[in-house]
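Colleague: Structure incoming, see below.
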Amino acid sequence: MTAELKFEELQKKLKKVLDTNRFRFIFIFYPHINLRENIKNYICENFIHSNSLTLDLKNNTYQDIAPILYENDKSFIFIDDFFDVLYNADLYNGFNQRRDKIASKNINLICFVNSNFKEKFFHTSIEYIPDLFEFKNAIFEIEIPNNDENKLKLNEISSSSYSSLGGLTTESKKDELDRLILKLENTSSDDEKINLYDQISTIFKDIGKYEKALEYLEKTLKIEEDDLSLAVTYNNISIIYQNIKNFQKALEYQKKSIEIKEKFLDKNDSELASSYNNLATIYMDIYNYEKALEYSKIAINILENIQNSNYDLAMAYNNISILYRRINSFQKSLEYAKKAIQIQEEIWEDKHPDLATSYNNISVLYQDIGEIPKALEYVKKAIKIQEEMFGDKHPDLATSYSNISIIYINLKECINAKEYMQKAIDIWQQYEYHNKELSNSRKIIKDIEHNIKQEKKLPYNKKGRFCKDV
């Protein structure tokens, strides 16, 4: 029974999905251990330009395996039994809390599950890692028809069939919230509660319900005992306070997070760099640009010297771009904005809210330097992603609507400008923390309406002075 005969179909499938220049999360259901080892050997022997290793998960924490996931660039990383993750609260909490970071790495995670436990795998995965199937993944099942190993059959399973509805859209997140809150009511284990609190708070944050997100993070603080996990919670609380514009509280909790990380982590750890980057954004919010620039540069210096830190590095580039714009250094701002987008497009293609934020930021920058067509191009990209992901009621989308309205004002397209600014107002007035934006946008609406009235009074030969579309 030759390897070529056994793996002919599998080879074709694997060659299509295996690519260590990008992140891949691949599951293979196998009927017996010998076949699993043969598959691993095949990959090692036929993809010689990539490294390969098997994760030892027994009695390990997420902190133990994080360096392997983050630092082994262009590698195949095998997990012999994915139940080792699902049955270890620290590991699945790590996958939940750092999903986007893992998915930004140029690794192929190849996970094996015994075929006898396929249904149990899907059920347990949805329970413990609800967003698992939002990773870029492929799922294969190897069958042996009539026990004849010379005629292996390979099925590709659609992961969407088993989606937990965690997803990226607002509607699916609300469905997932209902499921998680119901599960929480029947949970007594502290580890399980921490896992659920984290997921629930994250989803509330994603849909703009910041007070509810804060409520569940504060529940976590009452029972969390691990120092580094506590640092993660402090960081998350800081981000919520930043979103609701309580910057002193945001600064307080971010400093608590950094104090723990500096005690337990290497000074060049990417987790520490991420916190420095977050601290920089808070200083930017309180107009301490000197401190913001200091911590932004520290974060970037760490991340640029860490292999495969793409996700965090893109965030750092994006934030320093915004900072340089604030101090009117537009060319520096544009340089870093382009770097951020290049990385994010490689990671997410065109389907992630963080990429939409970057498109929106560079759109505003192009407005500043007078390149209005470029500004319009990028804000339209942002809106397309946000409308697909969020529906029509998310505050981030309101920011983009406001942005495109300003562009249309510059183009003297008053009807479009008024339409989009009104859309922004309709969203912001549903939320508690956007009074400043509401006040400014209502003034802009009045200015647009004034321009429309003035345009209508003009004689034909002077049309277009205030509005070109009236």
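Taking our numbering, the leading residue of the sequence shown gets 725, the next gets one more, and so forth.
The beta carbon of each residue, even a glycine, is placed where N, CA and C say it ideally should be.
Please state the DSSP three-state secondary structure of Ile1022.
Modeller: helix
Colleague: For the putative contact between Leu777 and Ile803, defined by C-beta atoms under 8 Å, what is the C-beta separation to the nearest angstrom?
Modeller: Incorrect: roughly 11 Å between the Cβ atoms, too far for contact.
Colleague: Where DSSP assigns a beta bridge to Phe800, which residues make up the other side?
Modeller: Residue pairing by DSSP places Phe800 opposite Ser776, Asn832 in a beta bridge.
Colleague: Answer yes or no: do Ile752 and Phe819 have a C-beta to C-beta separation smaller than 7 Å?
Modeller: no
Colleague: Taking only runs that begin and end inside the stretch 1114–1153, name each unbroken alpha helix (DSSP H) of 4 or more residues, in chain order.
Modeller: 1119–1134, 1138–1152
Colleague: For Leu1182, which residues from the same chain have a beta carbon less than 7 Å from its beta carbon, with the 5 sequence-adjacent residues on both sides left out?
Modeller: Arg1189
Colleague: What does the Cβ neighbour count give for Leu666, buried or exposed, with the cut at 16 atoms within 10 Å?
Modeller: Residue 666 falls outside the range modelled here, since the chain spans only 725 to 1194, and no answer is possible.
Colleague: Please check the pair Ala1099 and Ile1131, which I expect to be a contact at CB under 8 Å, by giving their CB distance rounded to whole angstroms.
Modeller: Right, the Cβ-Cβ distance comes to about 5 Å (below 8 Å), so this counts as a contact.
Colleague: Taking Tyr794 and Tyr816 to be in contact with their CB atoms under 8 Å, please state how far apart those CB atoms are, rounded to whole angstroms.
Modeller: Contact doesn't hold; Cβ gap of about 18 Å is too wide.
Colleague: Taking the DSSP output, what are the residues bridged to Asn817?
Modeller: According to DSSP, which records beta bridges pairwise, Asn817 is partnered with nothing at all.
Colleague: Could you pull out every residue in the same chain whose Cβ sits closer than 6 Å to the Cβ of Ser1129, ignoring the five residues on either side in sequence?
Modeller: Ala1141, Tyr1144, Met1145
Colleague: Run the CB neighbour count on Pro1077, radius 10 Å, all protein chains shown included, and call it buried at 16 or more, exposed below.
Modeller: buried
Colleague: Round the Cβ separation of Ser1020 and Ala1040 to the nearest angstrom and send it over; I've been treating them as touching at under 8 Å.
Modeller: 7 Å
Colleague: With H, G and I counted as helix, E and B as strand and the rest as coil, what does DSSP make of Glu867?
Modeller: strand
Colleague: So the candidates are Gln978, Lys979, Ile1051, Asp1036; which of them puts its Cα closest to the Cα of Tyr1013?
Modeller: Ile1051
Colleague: Using three-state DSSP, classify Ile1107 as helix, strand or coil.
Modeller: Three-state DSSP puts Ile1107 in a helix.
Colleague: Within the continuous beta strand (DSSP E) that includes Ile752, where are the two ends?
Modeller: 748–754 is the span of the beta strand (DSSP E), which, as asked, contains Ile752.
Colleague: Could you compute how far the alpha carbon of Lys897 sits from the alpha carbon of Asp930?
Modeller: 8 Å
Colleague: May I ask which residues mark the beginning and end of the alpha helix (DSSP H) holding Asp1164?
Modeller: For clarity, residue 1164 is Asn in the given sequence; the question names Asp instead. 1159–1181 is the span of the alpha helix (DSSP H), which, as asked, contains Asn1164.
Colleague: Quick one, which of Lys825, Ile927, Leu1089, Glu948 has its alpha-carbon nearest Asp814's?
Modeller: Glu948
Colleague: Taking the beta carbon of Asp1174 as the centre, do at least 16 other beta carbons fall within 10 Å, making it buried, or is it exposed?
Modeller: Asp is not the amino acid found at residue 1174; the sequence shown has His there. The residue is exposed, with fewer than 16 neighbouring Cβ atoms inside 10 Å.
Colleague: With H, G and I counted as helix, E and B as strand and the rest as coil, what does DSSP make of Val837?
Modeller: strand
Colleague: Are the beta-carbon atoms of Ser962 and Leu941 separated by less than 7 Å?
Modeller: Result no, Cβ atoms of Ser962 and Leu941 do not sit closer than 7 Å.
Colleague: Do Arg748 and Asn832 have their CB atoms nearer than 7 Å?
Modeller: Result yes, Cβ atoms of Arg748 and Asn832 sit closer than 7 Å.
Colleague: Report buried or exposed for Asn783, applying the criterion of at least 16 other Cβ atoms within 10 angstroms of its Cβ.
Modeller: exposed
Colleague: Quick one: residues in its chain with C-beta nearer than 7 Å to the C-beta of Ser913, no 5 flanking neighbours on either side, listed in chain order?
Modeller: Excluding residues within five positions, none has a Cβ falling inside 7 Å.
Colleague: Taking buried to mean at least 16 other C-beta atoms within 10 Å of its own C-beta, is His756 buried or exposed?
Modeller: exposed
Colleague: Tell me Ala862's beta-bridge partners as DSSP assigns them.
Modeller: Ile750
Colleague: Who are the Cβ neighbours of Leu945 in its own chain at under 7 Å, not counting the five residues just before and after it?
Modeller: Thr957
Colleague: When you compare the CB positions of Gln1068 and Leu1079, do they come within less than 7 Å of one another, or not?
Modeller: yes
Colleague: In this structure, does DSSP put Glu1095 in helix, strand or coil?
Modeller: coil
Colleague: Expressed to the nearest angstrom, what Euclidean distance is found between the alpha-carbon atoms of Ile1030 and Ser994?
Modeller: 7 Å
Colleague: If Leu1027 and Ile1006 are in contact, beta carbons under 8 Å, what's the gap, nearest whole angstrom?
Modeller: That belief does not hold up - the Cβ atoms of Leu1027 and Ile1006 are roughly 18 Å apart, past 8 Å.
Colleague: Can you list, in chain order, the residues of its chain with a C-beta nearer than 8 Å to that of Gln978? Leave out the 5 residues immediately preceding and following it.
Modeller: Tyr958, Asn959, Ser962, Ser999, Asn1002, Leu1003, Ile1006
Colleague: Does the Cβ of Leu1089 have 16 or more other Cβ atoms within 10 Å, making it buried, or fewer, making it exposed?
Modeller: buried
Colleague: Should Tyr811 go down as buried or exposed, given a rule of 16 or more other Cβ atoms within 10 Å for buried?
Modeller: Residue burial is scored here from C-beta neighbours: Tyr811 has fewer than 16 other C-beta atoms within 10 angstroms and is therefore classed as exposed.
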